[in-house]
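Numbering (our numbering), first residue to last: 12 to 82. Backbone N, C-alpha and C define an ideal beta-carbon position, used for all residues, glycine too. Bear in mind the structure is a predicted one, so any value in this text is a computation, not a measurement.
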């Protein structure tokens, strides 16, 4: 298993969260891109309650393509 050196050093970076065909929906702070993707799903991932309540803006849905990039 390969661990990025930034994860070992504890250096945190801010990553912008961008959803394809939507744009930037927010940001997360993590030590590497992989953790930032996980944090983005945790923070902005839509669940069934969001679908029922009609809340759709600023969320990542199951079929959305999204990426993170350093801010």
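Own chain partners of residue i with C-beta closer than 8 Å, once the 5 adjacent residues on each side are dropped
i          : result
residue 44 : 26, 79
residue 23 : 40, 41, 42
residue 81 : 24, 25, 26, 27
Whole-number beta carbon distance between residue j and residue i, since they are thought to touch under 8 Å
i          : j          : result
residue 69 : residue 37 : 7 Å
residue 72 : residue 57 : 5 Å
residue 76 : residue 31 : 4 Å
Exposure label - residue i; buried when at least 16 CB within 10 Å
i          : result
residue 35 : exposed
For residue i: DSSP bridge partner residues
i          : result
residue 29 : 35, 78
residue 41 : 24
residue 69 : Beta-bridge pairing links residue 69 to no other residue.
residue 56 : 71
Residue i beta carbon near the ligand MG (any heavy atom closer than 7 Å)
i          : result
residue 38 : Looking for the ligand MG in the displayed structure turns up nothing, as the structure carries no ligands at all.
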